[in-house]
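Here is the structure we will look at.
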Amino acid sequence: MFASRVEGEKYTASIHAGFSAHEERERVKRQQAQCMNTPKRMLDYLKSSPMAQEAFDDQGEERVLQNIDYLFQRCSEITKFKPDALLDKLDFKPNSRKDEEWLAALVSVMKTIVLLRDQFDFEEIAPLKKPNSQPEADLKATRRGVTYAIEVYKPKEDKTVDCNFQLAEIVADKYDYDGKEYKEGKKKQTRATMVNHSSSRELFVINFESCSIPKKELQNAAKYALAKMIGFPETHILIFTGTKWYEPSKEDECWAIEPALPD
Numbered sequence: 055m056f057a058s059r060v061e062g063e064k065y066t067a068s069i070h071a072g073f074s075a076h077e078e079r080e081r082v083k084r085q086q087a088q089c090m091n092t093p094k095r096m097l098d099y100l101k102s103s104p105m106a107q108e109a110f111d112d113q114g115e116e117r118v119l120q121n122i123d124y125l126f127q128r129c130s131e132i133t134k135f136k137p138d139a140l141l142d143k144l145d146f147k148p149n150s151r152k153d154e155e156w157l158a159a160l161v162s163v164m165k166t167i168v169l170l171r172d173q174f175d176f177e178e179i180a181p182l183k184k185p186n187s188q189p190e191a192d193l194k195a196t197r198r199g200v201t202y203a204i205e206v207y208k209p210k211e212d213k214t215v216d217c218n219f220q221l222a223e224i225v226a227d228k229y230d231y232d233g234k235e236y237k238e239g240k241k242k243q244t245r246a247t248m249v250n251h252s253s254s255r256e257l258f259v260i261n262f263e264s265c266s267i268p269k270k271e272l273q274n275a276a277k278y279a280l281a282k283m284i285g286f287p288e289t290h291i292l293i294f295t296g297t298k299w300y301e302p303s304k305e306d307e308c309w310a311i312e313p314a315l316p317d
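Going by the numbering used here, the first residue of the sequence shown is number 55, and it counts up by one from there.
What follows is the structure in structure tokens.
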């Protein structure tokens, strides 16, 4: 899976750095074993992705690849799609957007799939491809016999969020508006899915990577955002944070949902 010019260069460099040929072969074998669930085209993309390379440098290549593979394994188990088919369902188009935007969005959707299943007992979680650029939510899923349209948003986080009021503004504005022209925002995706798939509830999910937002502030932000949004009585907000990029789960991960999901 990793046989390539890039890997060959790493192989040569590692030997020059003091690793024996045997040690390097064993390293490559371990790397291949760690990525049994990750589609080859995804691995090829990660090798050329500046964002992935930054994560490799920051967190360690083996750790990042293990976490990516874990996400593919769990999401495949949950959605019942094999990894390659899952990647297609997740709308694998890495050249259609900026690298950091596309990759961050993909990983956030996969994290959301795992969170919905493990923390909230959602079932029949299915990614939805955008049909010819028409509005459609990222996911649909059922819980207690009720179908939800689910849209995931990954903010850039290029500015510090000082308080839950600022966080609420970010969430509400992205839901209601798309840019300065005040076109309909993320709600157009969920509402299209509610019609197309007979969903009776919508869930707007926001993934912040920062670990510095306490759970109480997340809960307040979800409440304030819901009050500002032009939504339905059947609209729910889920904000989760405390996960660093490829990390699928962490002890310091926290989330807030408003209002609580009906039993």
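Cβ atoms here follow ideal geometry from the backbone N, Cα and C, with glycine treated the same way.
The structure presented is a predicted model; accordingly, all values stated were derived computationally and were not measured.
Subject >> Where Ala222 falls: helix, strand or coil (DSSP) >> reply: Note: Ala222 maps to helix in three-state DSSP.
Original post:
Would you call the region 201-210 and the region 247-256 touching, i.e. three or more CB-CB distances under 8 angstroms?
Top reply: yes
Original post:
Using 9 angstroms as the limit for Cβ to Cβ distance, is Lys147 near chain D?
Top reply: This model lacks chain D altogether; it includes just one protein chain.
**OP:** Measure the C-alpha to C-alpha separation of Lys240 and Glu288 and round it to an integer number of angstroms.
**Re:** 15 angstroms
**OP:** Select from Phe294, Met96 and Glu177 the residue whose C-alpha is nearest the C-alpha of Leu140.
**Re:** Met96
**OP:** Identify every run of the beta strand (DSSP E) within the region 102-143, keeping only runs that are complete inside it and at least 3 residues long; order them along the chain.
**Re:** none
Original post:
Got a sec, what are the start and stop residues for the alpha helix (DSSP H) Leu272 sits in?
Top reply: Lys269 to Lys282
Original post:
Name the DSSP bridge partner or partners of Lys183?
Top reply: Answer is none; Lys183 lacks a bridge partner.
Original post:
Starting from Thr390 and walking both ways along the alpha helix (DSSP H), at which residues does that stretch end?
Top reply: The question about residue 390 has no answer here: the residues shown for the chain are numbered 55 through 317.
**OP:** Output the boundary residues of the beta strand (DSSP E) element that contains Asn261.
**Re:** Arg255 to Asn261
Subject >> Beta carbon of Ala158 nearer than 9 angstroms to that of Phe176 >> reply: no
Original post:
What is the C-beta distance between Glu312 and Lys269, in whole angstroms, given that I count them as a contact (C-beta under 8 angstroms)?
Top reply: Rounded, the Cβ-Cβ distance is 12 angstroms, inconsistent with contact.
**OP:** Could you tell me which of Ala109, Asn91 and Phe174 sits nearest to Asp317, measuring between CA atoms?
**Re:** Phe174
Original post:
Taking Cβ positions, are Ala275 and Ile293 nearer each other than 9 angstroms?
Top reply: Yes, the pair counts as a contact, with Cβ atoms nearer than the cut-off.
**OP:** Would you tell me roughly how many angstroms separate the C-alpha atoms of Ile284 and Thr244, rounded to the nearest one?
**Re:** 13 angstroms
**OP:** Examine the ligand ZN and report whether any of its heavy atoms sits within less than 8 angstroms of the Cβ of Tyr229.
**Re:** The ligand ZN is not part of this structure, which contains no ligands at all.
Original post:
Helix, strand or coil: how does DSSP classify Ala203 here?
Top reply: Strand at Ala203.
**OP:** Please classify His76: is it buried, with 16 or more other beta-carbons within 10 angstroms of its beta-carbon, or exposed?
**Re:** exposed
Subject >> Nearest candidate by alpha-carbon position, reference Val118, set Glu131, Lys134, Thr133 and Lys101 >> reply: Lys101
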